[in-house]
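Visitor: Residue numbers (our numbering): 63 to 265. C-beta: ideal position from N, C-alpha, C; glycine also. I have a structure here, written as structure tokens, and I will follow up with some questions on it.
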């Protein structure tokens, strides 16, 4: 099954205003699978040409928000002490978010620990995460979280969410994001190592 097939087999079935995505949020579904894949590969190609971590991550999150229809996006890296470092957090309008606590750390920890991606159509009703305090208090709905892996080592994760709509992310989004993450992880790790080398050379 290719990406086009995945999108055809995961339509939005609800027609209610509460669960149907807006035209803007649904922009990427107007693209055929191959076109979306081409866009993803263009983004990763440009990331591979960037040598500094901060602008690379800012570019990456803005593009991810644009072609997934997410309301908010976060890129989290694991530091040398094994702690989570929230490197960039933006909304779909390009604003930097100040509250990194307003996401599901339960989901992020699960993805980083397991090294496997998660897509939740409605976190509130999901049997695995519906009882989590963050999910209940923040009224989280659609979540897509994908690990960043380099040589089978988890270096971080991408966390995307949409609280307005259920089923914002489907299986095809998960497959596309996994493909993107596989390519992007190397660019991110190279940029991080390059930044560390530049700092070391200044001392």
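#1: Can you tell me whether DSSP reads residue 255 as helix, strand or coil?
#2: Give me the Cα-Cα distance between residue 131 and residue 214, rounded to the nearest whole angstrom.
#3: In whole angstroms, what separates the C-alpha of residue 167 from that of residue 146?
#4: Is it buried or exposed, residue 144, if we count other Cβ atoms within 10 angstroms and call 16 or more buried?
#5: Taking 8 Å as the cut-off, is the CB of residue 226 close to at least one heavy atom of the ligand GDP?
#6: Name the two residues that bound the continuous beta strand (DSSP E) containing residue 152.
#7: Classify residue 102 as buried or exposed, calling it buried when 16 or more other Cβ atoms lie within 10 Å of its own Cβ.
#8: What are the boundary residues of the alpha helix (DSSP H) that includes residue 215?
#9: Compare the Cα-Cα distances from residue 205 to each of 156, 106, 236, 105 and report the closest residue.
#10: Candidates 119, 241, 208, 194: which alpha carbon is nearest residue 257's?
#11: Can you give me the C-alpha to C-alpha distance between residue 191 and residue 114, rounded to a whole angstrom?
#12: Rounded to a whole number of angstroms, what is the C-alpha to C-alpha distance between residue 250 and residue 189?
#13: Assign residue 165 to one of three DSSP states: helix, strand, or coil.
#14: Give the secondary structure of residue 108 by DSSP, where H, G and I count as helix, E and B as strand, and everything else as coil.
#15: Quick one: Cα of residue 259 to Cα of residue 150, how far?
#16: Taking the continuous beta strand (DSSP E) assigned at residue 209, which residues delimit it?
#17: Along the alpha helix (DSSP H) that carries residue 159, what are the first and last residues, could you check?
#18: Quick one: is residue 209 buried, meaning 16 or more other Cβ sit within 10 Å of its Cβ, or exposed?
#19: Suppose you measure from the CA of residue 142 to the CA of residue 217; what does that come to, to the nearest Å?
#20: Kindly list the residues whose CB is nearer than 8 Å to the CB of residue 198, restricted to its own chain and excluding five residues on each side of it in sequence; keep chain order.
#21: Could you pull the start and end residues of the beta strand (DSSP E) that residue 181 belongs to?
Guide: The relevant details are as follows:
#1: As a position in the chain shown, residue 255 is number 193, starting the count at 1. Shown here, residue 255 sits in a helix according to DSSP, grouped into three states.
#2: On the chain shown, residue 131 is found 69 positions in, with the first residue counted as 1. On the chain shown, residue 214 is found 152 positions in, with the first residue counted as 1. For residue 131 and residue 214, the distance between alpha carbons rounds to 29 Å.
#3: The residue you call residue 167 lines up with position 105 of the chain shown. The residue you call residue 146 lines up with position 84 of the chain shown. Each residue's Cα considered, the two are about 10 Å apart.
#4: Along the chain shown, one-based indexing puts residue 144 at 82. Classification for residue 144: exposed.
#5: Looking at this structure, you won't find the ligand GDP or any other ligand, since it has none at all.
#6: Translated into positions along the chain shown, residue 152 becomes position 90. Looking at the DSSP string, the run of the beta strand (DSSP E) that includes residue 152 is 146-153.
#7: In the chain shown, residue 102 corresponds to position 40, counting from 1. Answer is buried; the Cβ neighbour count reaches 16.
#8: Working through the chain shown from its first residue, we reach residue 215 at position 153. No alpha helix (DSSP H) contains residue 215, which is instead part of the beta strand (DSSP E) from 215-224.
#9: By 1-based counting over the chain shown, the position of residue 205 is 143. Comparing Cα positions, the closest option is 236.
#10: Translated into the one-based positions of the chain shown, residue 257 becomes position 195. For the residues 119, 241, 208, 194, the minimum Cα distance to residue 257 belongs to 119.
#11: Locating residue 191 in the chain shown gives position 129, counting from the first residue. Locating residue 114 in the chain shown gives position 52, counting from the first residue. Going by the C-alpha atoms only, they are around 35 Å apart.
#12: For this step, residue 250 is matched to residue 188 along the chain shown. For this step, residue 189 is matched to residue 127 along the chain shown. Straight-line Cα distance between these residues: approximately 33 Å.
#13: Within the chain shown, residue 165 is the residue found at index 103, counting from 1. Residue 165: coil per DSSP, three-state reduction.
#14: Indexing the chain shown from 1 puts residue 108 at position 46. Of the three classes helix, strand and coil, the one that applies to residue 108 here is helix, per DSSP.
#15: To locate residue 259, count along the chain shown from 1; it is residue 197. To locate residue 150, count along the chain shown from 1; it is residue 88. Rounded to the nearest whole angstrom, the CA to CA distance from residue 259 to residue 150 is 21 Å.
#16: In the chain shown, the residue the question calls residue 209 occupies position 147. Where residue 209 is concerned, the enclosing beta strand (DSSP E) stretches over 204-212.
#17: Residue 159 sits at position 97 when you count from the first residue of the chain shown. Annotation: residue 159 is outside any alpha helix (DSSP H) and is labelled neither H nor E by DSSP.
#18: As a position in the chain shown, residue 209 is number 147, starting the count at 1. Looking at its Cβ environment, which holds 16 or more other Cβ atoms inside 10 Å, residue 209 is buried.
#19: Looking up residue 142 in the chain shown gives position 80. Looking up residue 217 in the chain shown gives position 155. Approximately 10 Å, taken between the alpha carbons.
#20: For the purposes of this step, residue 198 is identified with residue 136 of the chain shown, where counting begins at 1. Cβ neighbours of residue 198 beyond the five flanking positions: 186, 192.
#21: On the chain shown, residue 181 is found 119 positions in, with the first residue counted as 1. It spans 180-182 - the beta strand (DSSP E) in which residue 181 sits, taken as one unbroken run.
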